[in-house]
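S.K.: Numbering (this note's numbering), first residue to last: 19 to 86. Quick reminder that beta carbons are idealized off the backbone N, C-alpha and C, glycines included.
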Amino acid sequence: MLEIVEDHDGETYRAVYTVKFADIIYVLHVFHKKAKKGVTTPAHEIDKIKARLKQAEEVYETWKRQKL
Numbered sequence: 019m020l021e022i023v024e025d026h027d028g029e030t031y032r033a034v035y036t037v038k039f040a041d042i043i044y045v046l047h048v049f050h051k052k053a054k055k056g057v058t059t060p061a062h063e064i065d066k067i068k069a070r071l072k073q074a075e076e077v078y079e080t081w082k083r084q085k086l
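1. Can you list, in chain order, the residues of its chain with a C-beta nearer than 7 Å to that of T30? Leave out the 5 residues immediately preceding and following it.
2. Kindly give me the distance between the Cβ atoms of L46 and V37, rounded to whole angstroms, as I take these residues to be in contact under 8 Å.
3. Straight-line CA distance for E21 to A61?
4. Alpha helix (DSSP H) containing K38: first to last residue?
5. What separation, rounded to the nearest whole angstrom, lies between the Cα atoms of F39 and G28?
6. Between R32 and T59, is the Cβ-Cβ spacing less than 8 Å?
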């Protein structure tokens, strides 16, 4: 997984995506980082990303089987 962090007008935004799959890029989660201190991604955001990665893996496997 890769993460893009961008600051704009004093606010921080993050996009988490994966390029693990051939031919497809899944954007797993994009969010506005609201914490004023620390750079750690909040646990509830990480949980959401992990759940979406699992779902993306399942969808990709189904797509790959249908493509063959």
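M.R.: This is what the structure holds:
1. Correct list, in chain order: V23, K51.
2. Not a contact, Cβ separation roughly 11 Å.
3. A straight-line Cα-Cα distance of about 15 Å links E21 and A61.
4. That residue, K38, is in no alpha helix (DSSP H); it is neither H nor E in DSSP.
5. For F39 and G28, the distance between alpha carbons rounds to 34 Å.
6. Yes; because the gap between Cβ atoms is below 8 Å, this pair is in contact.
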